[in-house]
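Worksheet: the structure to be examined is printed underneath.
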Amino acid sequence: MFSPSLLLAYSSLFLPTLCSPTPNKTGLVVQTTSGEIHGFINQTTPQVRQFLGVPYAEPPIGNFRFAAPETKSKGPPIKATTFPPSCMQLDSNSSSIYTNVVPQFLINGGQSEDCLYVSIWTPATPTNQSLPVFVYIPGGGFTTGGQDSLYKIPDQWVQKTQSHIAVVMNYRVNVFGFPNAKAITEHRNPGLLDQRKAVEWVHENIASFNGDPDRMTLWGQSAGGASVDSYGYAYPDEPIVKGLIIDSGSAYLLGSTDAPQTNFSSLAEMVGCKDLAPEAEIGCMRNVSANAIENALSAYMSSGATPKLAFTPFPDNVTAFSNPADRAERGLVAKLVGTSLVIA
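Mature numbering (1 follows the signal peptide of the UniProt record, and there is no 0) puts the sequence shown at residues -19 to -1, 1 to 325.
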C-alpha cells in the first residue's frame, strides 16, 4: 500500500517550523467538534496549512487524572498556531544516545497534564478530491515523547508531496498514562485509550481539513509502533483506520513488570499518600500536583535506586494483550485489505 521509500523519507523530511505565521489565507478557519480552529501558513512551507494544538479530549485533570479520556465538548475559537505542551513525563539530565547523537527525538517546549491535542498539516490549496490521512503515534518507551520534537514535525513532507494530510498526536505517558493502580479495575491503560480517542476525533473531523475519513492510516514508531500493533488487536471489528504501519515496535513487547501493582503505591508514598486503601490512595494522588508526582518519580529514577518503578502498558487484554499470537491465530485482529508494513 505504501512504498518503503516513502516511509524512509518520513524521518528526513519531518523538519521544524521555524518562521512566524503569514497573514490569514483561505481555508485557515475550520469548524470541528472541538470548536472553530484558526490555523496558519508560514514562509518556510507556504504550500501547507498548519493547525497546531487542536484538543481532541477534555484535559485529563482532577478526577479525570488516571482515567479514560473524556470527549471534548465544543468550545470557543482556538488559535492553533503553536505546539501544545507535551504530556507529563520523565525528566532526566543524564547523557544518552538521544542527547548526544539524535537530539531531534527529544521534545521541545513545556509539559502539562493538559496535553491531549493533535496537530494537523494539510496542503494549502484544497483539491477536488479528499486526501488520504496519516495519523502518527510518537514513540518514547511509554515514559517520554510527544509531537513537539524535530523528528515528528511533517510540514516539509506535506510541502513536498501535496498529496496527503499528516496528523500527530500527544497521549499520556508514564504514570499518568499507565498508572496500574489497585483502585483501577477497568480502563487500566488511559494512554492507549487516548490514542483511540485521537483516532476517533480525526475520523469525525478530518473531512473539514480536506481529508478522507475512509482513507486513514495509523502509523507509529517504537512505543508508537507497539501501540499501533496492539490497536489492531484491541479493535478487530471497528478499527476505523484502513491501514497500520508498525515501525520498530510490536504488541508482543507490551507487558508490565508490575504484576503485584506495587509501583503506584511506592510512588504514592513518596508524595505523602502513604498506607491508604486503594480508593483513598488514588483519591489522594489526584490531589497531588502533577509536577510533584513527576519530580518525585524522576528523582527516584535518576538516583539509581532499586527497585525500578516502571509505568508502561498493563496487559488488561482489552487494550494491551498477553496473548497476541493466540489472538492472531483465532482471527481476533483487525482485517485490513492491502499490504501490511512492519519496519524493524
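Don't be surprised by glycine CBs; every beta carbon is placed ideally from N, CA and C.
Quiz prompt | Status (buried if at least 16 other CB within 10 Å, exposed otherwise) for Asn109 | solution = Burial call: exposed.
Quiz prompt | Own chain residues within Cβ distance below 7 Å of Ala207, not counting five before or after | solution = Here Ala207 has Gly230, Ser231, Ala232, Leu234 and Leu235 as same chain residues with Cβ atoms under 7 Å from its own Cβ, once five neighbours each way along the sequence are excluded.
Exercise. Keeping to the same chain, check which residues put their C-beta closer than 6 Å to that of Ala215; ignore five residues upstream and five downstream.
Key: Same-chain partners within the cutoff: Thr300.
Self-check item: Sequence ranges, beta strand (DSSP E) only - wholly within the segment 197 to 275, length at least 3
Solution: Runs found: 224 to 228.
Quiz item: So, does the CB of Gln140 fall closer than 8 Å to a CB anywhere in chain D?
Solution: No chain D is part of this structure, which consists of one protein chain only.
Self-check item: For Ala38: DSSP bridge partner residues
Solution: Answer is Thr52, bridged to Ala38.
Quiz item: Do the CB positions of Gly94 and Arg46 come within less than 8 Å of each other?
Solution: Sequence check: residue 94 is Glu here, not Gly. Contact flag set, yes.
Quiz item: Does the distance from the CB of Thr13 to the CB of Ser189 come in under 8 Å?
Solution: Yes, the Cβ-Cβ distance between Thr13 and Ser189 is below 8 Å.
Quiz item: Going by other Cβ atoms of all chains shown within 10 Å of its Cβ, with 16 needed for buried, is Val318 buried or exposed?
Solution: So Val318 ends up on the exposed side.
Quiz item: Would Asn151 be called buried (16 or more neighbouring beta carbons within 10 Å of its own) or exposed?
Solution: If you draw a 10 Å sphere on the C-beta of Asn151, you find 16 or more other C-beta atoms in it, and that means buried.
Quiz item: Mind checking whether Thr103 and Ile146 have CB atoms under 8 Å apart?
Solution: Ile146 is positioned such that its CB atom lies closer than 8 Å to that of Thr103.
Self-check item: Member of Gly205, Ala204 and Val180 whose CA lies at the smallest distance from the CA of Arg196
Solution: Selected option, being the one with the closest Cα: Val180.
Practice problem: Let me know the secondary structure DSSP gives Val11 once reduced to three states. | Solution: If DSSP states are grouped into helix, strand and coil, Val11 belongs with the strands.
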